[in-house]
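Working notes for the structure below.
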Amino acid sequence: GENVEQHPSTLSVQEGDSAVIKCTYSDSASNYFPWYKQELGKRPQLIIDIRSNVGEKKDQRIAVTLNKTAKHFSLHITETQPEDSAVYFCHPRDMRFGAGTRLTVKP
Amino acid sequence: NAGVTQTPKFRVLKTGQSMTLLCAQDMNHEYMYWYRQDPGMGLRLIHYSVGEGTTAKGEVPDGYNVSRLKKQNFLLGLESAAPSQTSVYFCASTPGLELPSSYEQYFGPGTRLTVT
């Protein structure tokens, strides 16, 4: 069956440091790889996505990289700020959501 | 545009009671989804719809029924509520067409359901 694994499950960094979250999936047919951010008590919202015809996409302090051969993609957040504290989910197209990574950015 | 809205925001049920959660979207999206999110956990798909009049089972469909009589609405029903159904329920929609942004899921604000 389909398998989506997200690591780490929790991540704590100092403000200004970088954070990396990895998502590994099993379905090689998937062609859309988004990351969602969910703040406490709020709804999940898309923050960045990538399609299988590109390897990297950046949007200011966040980036997503894709390795389709190895079937994993990663979320990179640079110069982290306290407002980056949230739970992040990966969701390869037509597969389940990852279990989530709770990121805490300490001031 | 209101986007995706959910009614009600909160509800407390007793075991065995029934209720319907309403999801509405004004973006003319084809696909709609119902998820549940338990504390500290991810989102699990209950049922989904790929168009008006269609429904399909997701990962955890047992104990729930759905209907999509109108394109803009997706209803989730609990016929006989159980404490295990205590959760936050999120509705989401996507355009469903082969467009660059067609796969992004737009979520509603959620419904917090407690079954005692």
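Protein chains in written order, with our numbering: chain L, 4 to 110; chain X, 139 to 254. Positions of the beta carbon are idealized from the N, C-alpha and C atoms, including for glycine. Keep in mind that this is a model prediction, so the values were computed, not measured.
Contact criterion: CB-CB distance below 9 Å. Does residue i meet it with respect to chain X?
i: residue 52 (chain L); result: yes
i: residue 101 (chain L); result: yes
i: residue 94 (chain L); result: yes
i: residue 71 (chain L); result: no
i: residue 14 (chain L); result: no
i: residue 11 (chain L); result: no
In or out: residue i buried (at least 16 other Cβ within 10 Å) or exposed?
i: residue 110 (chain L); result: exposed
i: residue 249 (chain X); result: buried
i: residue 251 (chain X); result: buried
i: residue 37 (chain L); result: buried
i: residue 232 (chain X); result: buried
i: residue 150 (chain X); result: exposed
i: residue 246 (chain X); result: buried
i: residue 101 (chain L); result: buried
Which residue's Cα is closest to the Cα of residue i: the options?
i: residue 155 (chain X); options: X:226, X:215, X:181 and X:240; result: X:215
i: residue 46 (chain L); options: X:200, X:139, X:144 and X:223; result: X:144
i: residue 80 (chain L); options: L:6, L:8, L:15 and L:74; result: L:15
i: residue 84 (chain L); options: L:18, L:34, L:70 and L:107; result: L:18
i: residue 27 (chain L); options: L:41, L:98 and L:107; result: L:98
i: residue 161 (chain X); options: X:212, X:139 and X:223; result: X:212
i: residue 173 (chain X); options: X:146, X:220, X:188 and X:199; result: X:199
i: residue 8 (chain L); options: L:38, L:67, L:75 and L:62; result: L:75
i: residue 94 (chain L); options: L:87, L:108, L:21 and L:78; result: L:78
i: residue 189 (chain X); options: X:146, X:140, X:150 and X:204; result: X:204
i: residue 33 (chain L); options: L:96, L:103 and L:65; result: L:96
i: residue 228 (chain X); options: X:151, X:166 and X:180; result: X:180
i: residue 104 (chain L); options: L:49, L:53, L:39 and L:30; result: L:39
i: residue 139 (chain X); options: X:165, X:153 and X:191; result: X:165
Going by DSSP, name the residue or residues bridged to residue i.
i: residue 100 (chain L); result: DSSP, once it has assigned bridges, lists no residue as partnering residue 100 (chain L).
i: residue 54 (chain L); result: L:35
i: residue 62 (chain L); result: L:65
i: residue 215 (chain X); result: X:158 and X:203
i: residue 22 (chain L); result: L:80
Answer yes or no: does any C-beta atom of chain L fall closer than 9 Å to that of residue i?
i: residue 189 (chain X); result: no
i: residue 170 (chain X); result: no
i: residue 241 (chain X); result: yes
i: residue 228 (chain X); result: yes
i: residue 159 (chain X); result: no
i: residue 234 (chain X); result: no
Counting contacts by CB-CB distance shorter than 9 Å, is residue i in contact with chain C?
i: residue 247 (chain X); result: Looking at the structure shown, chain C is missing, and the protein chains on hand are L and X.
Should the segment 200-209 of chain X be regarded as contacting the segment 163-172 of chain X, the criterion being three or more beta carbon pairs within less than 8 Å? Contact between the segment 200-209 of chain X and the segment 163-172 of chain X is present: three or more C-beta pairs spanning the two stretches fall below 8 Å.
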